[in-house]
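Student:
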Amino acid sequence: MVLLVSWAPKGLSRFPISLAMICVGLGVAIFSLDVMSFDPDPRTWDTLTERLTELVVIISLMGAGLKLDRPVSLKGWGPTWRLLAIAMPLTIAATAWLGVAGLGFSLAMSLLLGAAMAPTDPVLASDVQTGPPKSGEENEVRFNLTAEAGLNDALAFPFVNLAILVSLSGAAVWTGQGLAQWAAVDVAWKLVAGAAMGWAVGKAMGWLIFQAHNNGISRHADGLVAIGATFIAYAATEIVHGYGFLAVFVCALTIRASEREDDFHEEMHDFAEQIERLLMMLVLVLFGGALANGLLDALTWTDALIGLAVLFIVRPVVGYVSLIGSPLLKRDRVMLAWLGIRGLGSVYYLAYGLSHGDFGDSERLWAITGFIILVSIIVHGITATPLMALLERLGGRSLQGRAAPANPPRDERLG
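According to my numbering, the sequence shown is numbered sequentially starting from 1.
(1) Going by other Cβ atoms of all chains shown within 10 Å of its Cβ, with 16 needed for buried, is His269 buried or exposed?
(2) In angstroms with no decimal places, state the Cα-to-Cα distance between Ser362 and Leu354.
(3) Assuming Val128 contacts Glu276 under a Cβ cut-off of 8 Å, what Cβ separation, rounded to an integer in Å, is found between them?
(4) Output needed for Gly102: all residues of its chain with C-beta closer than 7 Å, excluding positions within five of it in sequence on either side, in chain order.
(5) Identify the continuous alpha helix (DSSP H) that holds Phe271 and give its terminal residues.
(6) Can you give me the Cβ contacts of Ile17 inside the same chain, cut-off strictly under 8 Å, excluding the 5 residues immediately before and after it?
(7) Pick from Ser376, Val379, His356: whose alpha carbon is nearest that of Ser169?
(8) Report the rounded CA-to-CA distance for Val2 versus Gly104, giving the unit in angstroms.
(9) For Ile378 and Met21, I'd like the C-alpha separation in whole angstroms.
(10) Across the segment 90-100 and the segment 26-38, are there enough close Cβ pairs to call them in contact, namely three or more that are closer than 8 Å?
(11) Taking C-alpha atoms, which residue in Leu344, Asp263, Leu311, Ile227 lies nearest to Met281?
(12) Skipping 5 residues on each side, what residues in its chain have a beta carbon closer than 6 Å to that of His241?
(13) Report the rounded CA-to-CA distance for Ala257 versus Leu26, giving the unit in angstroms.
(14) Considering Cα atoms alone, identify which of Arg82, Asn161, Ala125, Gly131 is closest to Leu116.
(15) Can you name, in chain order, every residue of its own chain whose Cβ lies under 7 Å from the Cβ of Ser6, other than the five neighbours on each side?
(16) Could you say which of Asp297, Val187, Pro119, Leu151 lies nearest to Ala247 if we only look at CA atoms?
(17) Please report the distance separating the alpha-carbon of Asn407 from that of Glu392.
(18) What residue does the alpha helix (DSSP H) around Arg260 start on, and which one ends it?
(19) Out of Ala233, Ile313, Ile372, Asp121, which has the shortest C-alpha to C-alpha gap to Ala193?
(20) Could you check how far apart the C-beta atoms of Asp41 and Ala290 are, in whole angstroms? I think they sit under 8 Å.
(21) For a test of the three-state rule: what should DSSP assign to Tyr243, helix, strand or coil?
(22) Give the DSSP-derived three-state secondary structure of Gln177 in the structure shown.
(23) To the nearest angstrom, how far is the alpha carbon of Glu412 from that of Cys251?
(24) Report the option in Leu296, Leu224, Leu336 whose CA atom is closest to the CA atom of Gly63.
(25) Between Pro71 and the rest of its own chain, which residues show a CB-CB distance below 7 Å, the 5 nearest in sequence each way excluded?
(26) With a threshold of 7 Å on Cβ separation, who are the neighbours of Trp77 within its own chain once the five nearest residues in sequence on each side are excluded?
(27) Candidates Leu107, Asp262, Leu394: which alpha carbon is nearest Asp332's?
(28) In terms of residues, what are the limits of the alpha helix (DSSP H) holding Ser362?
(29) Go to Asp34, then tell me how far its alpha helix (DSSP H) extends in each direction, as first and last residue.
(30) Grab the span of the alpha helix (DSSP H) containing Trp97 for me, first residue to last.
(31) Taking the Cβ atom as the reference point for each residue, do Ala337 and Tyr320 lie within a distance shorter than 8 Å?
(32) Please confirm whether Ala420 and Ala163 have their CB atoms less than 8 Å apart.
(33) Just checking Ile58 against the ligand NAD - is the residue's beta carbon closer than 7 Å to any of the ligand's heavy atoms?
(34) Are Glu50 and Tyr243 closer than 8 Å when you measure CB to CB?
(35) Does DSSP put Ile382 in a helix, in a strand, or in coil?
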């Protein structure tokens, strides 16, 4: 499987199939043969599930931040801000409403489902994200999917915490000081702390890597630096009770901005991506094993229909609506709305919420989440490659006023 992780992305680049699909299929096959006594059911291994998905997400966030060539700005990141400020809250609200009205879930459980389903996954969306640093593979669709995935994992956290608060306090949260405390701590403080700590660690790491002793340590180090920076940013932010997901992504953006053209960015990105793929393989094989061992047994036809609605109606509609009025081409808006891949980030949020709140029986919640992720892996895995190939053939324009080739010739990349 390790060799598969190394070779498969190259061999699959021309086919409508993803590494994630193969890993899930392997997991189903391996655990269906009953040759292993271990049952990788996330409902049994809730803490392990939370920690393992947490690890793969933060490493993915570092890789996503390092690969973005475009500096942060209001105009250049305009569609990303729209997806975060409009599409994500609407997705949470619509999914929560479907949970209450369609599934009969409690408000707390519906909020948790909405928050878990809101983020575009930075792990499984890697096939539609930008290429390595300075590769030139950064058209508007790829860029905004990468930036959205990097930020909305952190921005969904306040809503997960709100679901936990509602599960513990019930209706009292809306009338007492609970809501004010949630706004002050879970929204304001944790977001500010995450951004500030990520920037501080990123500035310090940027100085060490590129400037210390005149030349920095980039000439005497390897890509493992990216993993060290990930853990430092995440741990330091958790200590001050900020959002570590946000800190890691901001840290990566800050390191990249410290010396934007240095080749060491590519080395860090490549190492982080290799570790991410290995961890992704492990988690998805275990996910396939959970499917083989009955993760979806509690799923009803109503659950499945609501799950399909969340994936193929809610996200595409609110995603497209949020981009109305943006300078993007219509085809780019459609693709951004469609390619809202759900994956390991959703598993993390669900496991985190259930371990910190009081939601009662979660069998159907796990089943519908697993169903949505499975369908997303299959459908988006099949459609992503041909859609990206079509987009690259059509070409496009950048919001920065220049051409936006997705795959420039190798000589141009080196130049």
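Glycine is no exception: its CB is placed at the ideal position from the N, C-alpha and C atoms.
Tutor: Taking the coordinates as given:
(1) Here residue 269 refers to the residue found at position 269 of the sequence shown. Flag for His269 reads buried.
(2) In the sequence shown, counting from the first residue as 1, residue 362 sits at position 362. In the sequence shown, counting from the first residue as 1, residue 354 sits at position 354. Within the model, the alpha-carbon separation for Ser362 versus Leu354 is close to 8 Å.
(3) Residue 128 sits at position 128 when you count from the first residue of the sequence shown. Residue 276 sits at position 276 when you count from the first residue of the sequence shown. About 15 Å separates the CB atoms of Val128 and Glu276; that is not less than 8 Å, and the two are not in contact.
(4) Here residue 102 refers to the residue found at position 102 of the sequence shown. Same-chain partners within the cutoff: Thr302, Ile306.
(5) To locate residue 271, count along the sequence shown from 1; it is residue 271. Annotation: the continuous alpha helix (DSSP H) that includes Phe271 extends over 264-292.
(6) Walking along the sequence shown from the start, residue 17 turns up at place 17. For Ile17, where only same-chain residues beyond five positions count, the Cβ hits under 8 Å are Gly381, Ile382, Thr385.
(7) Here residue 169 refers to the residue found at position 169 of the sequence shown. Nearest Cα to Ser169 within the set Ser376, Val379, His356: His356.
(8) As a working mapping, residue 2 is identified with position 2 in the sequence shown. As a working mapping, residue 104 is identified with position 104 in the sequence shown. If I take the Cα positions, the gap works out to 42 Å.
(9) Within the sequence shown, the letter at position 378 stands for residue 378. Within the sequence shown, the letter at position 21 stands for residue 21. Straight-line Cα distance between these residues: approximately 6 Å.
(10) Two segments are said to touch when three or more pairs of C-beta atoms, one from each, lie closer than 8 Å; by this definition the segment 90-100 does not touch the segment 26-38.
(11) As a first step, residue 281 must be located in the sequence shown, where it is residue number 281. Answer by Cα proximity: Leu344.
(12) On the sequence shown, position 241 is the one that residue 241 refers to. None.
(13) Position 257 of the sequence shown holds residue 257. Position 26 of the sequence shown holds residue 26. So the alpha carbons of these two residues sit roughly 40 Å apart.
(14) As a first step, residue 116 must be located in the sequence shown, where it is residue number 116. With the sequence shown as reference, residue 116 is identified as Ala, and Leu is not the correct amino acid for it. Checking every option, the nearest Cα to that of Ala116 belongs to Asn161.
(15) Numbered from 1 along the sequence shown, position 6 holds the residue referred to as residue 6. So no residue of the chain qualifies.
(16) Residue mapping note: residue 247 aligns to position 247 of the sequence shown, counting from 1. Checking every option, the nearest Cα to that of Ala247 belongs to Leu151.
(17) Residue 407 sits at position 407 when you count from the first residue of the sequence shown. Residue 392 sits at position 392 when you count from the first residue of the sequence shown. Here the model assigns Asn407 a pLDDT of 41, short of 50, so the residue's position is not dependable, and the following value carries that caveat. Their Cα atoms are separated by approximately 7 Å.
(18) Against the sequence shown, residue 260 aligns to sequence position 260. Per DSSP, Arg260 belongs to no alpha helix (DSSP H) and is neither H nor E.
(19) Within the sequence shown, numbered from 1, the residue matching residue 193 stands at position 193. Considering only alpha carbons, the answer is Ala233.
(20) Start at 1 with the first residue of the sequence shown, and residue 41 comes out as number 41. Start at 1 with the first residue of the sequence shown, and residue 290 comes out as number 290. Confirmed, about 5 Å.
(21) Taking the sequence shown and counting its residues from 1, one reaches residue 243 at position 243. Coil, per DSSP.
(22) Looking up residue 177 in the sequence shown gives position 177. Coil.
(23) Counting from 1 along the sequence shown, the entry for residue 412 is found at position 412. Counting from 1 along the sequence shown, the entry for residue 251 is found at position 251. In this predicted model, Glu412 has a pLDDT of only 37, less than 50, meaning its place in the structure is not dependable; the value taken from the coordinates is given anyway. Those two C-alpha atoms are separated by around 29 Å.
(24) Indexing the sequence shown from 1 puts residue 63 at position 63. When each option's Cα is compared against that of Gly63, the closest is Leu224.
(25) As a first step, residue 71 is located in the sequence shown; it is residue number 71 there, counting from the start. Once the five neighbours on either side are set aside, the close Cβ partners of Pro71 are Ala257.
(26) Translated into positions along the sequence shown, residue 77 becomes position 77. If we look at Trp77 and ignore the five residues flanking it on each side, its Cβ neighbours are Ala147.
(27) Residue mapping note: residue 332 aligns to position 332 of the sequence shown, counting from 1. Distances from the CA of Asp332 to each of Leu107, Asp262, Leu394 were compared; the closest alpha carbon is that of Leu394.
(28) One-based indexing of the sequence shown puts residue 362 at position 362. Careful: Ser362 lies outside any alpha helix (DSSP H) and carries neither H nor E.
(29) Residue mapping note: residue 34 aligns to position 34 of the sequence shown, counting from 1. Run containing Asp34: none; DSSP gives neither H nor E here.
(30) Residue 97 sits at position 97 when you count from the first residue of the sequence shown. For Trp97, the enclosing alpha helix (DSSP H) covers residues 88-101.
(31) What you label residue 337 is simply residue 337 of the sequence shown in a count that begins at 1. What you label residue 320 is simply residue 320 of the sequence shown in a count that begins at 1. In contact: Ala337 and Tyr320 (Cβ atoms closer than 8 Å).
(32) In the structure displayed, the chain extends from 1 to 415; residue 420 sits before or after that span and is not available.
(33) This structure simply doesn't include the ligand NAD, nor any ligand for that matter.
(34) In the sequence shown, residue 50 corresponds to position 50, counting from 1. In the sequence shown, residue 243 corresponds to position 243, counting from 1. Here Glu50 is not near Tyr243, since their CB atoms are 8 Å or more apart.
(35) By one-based count along the sequence shown, residue 382 stands at place 382. The answer is helix: DSSP assigns Ile382 an H, G or I state.
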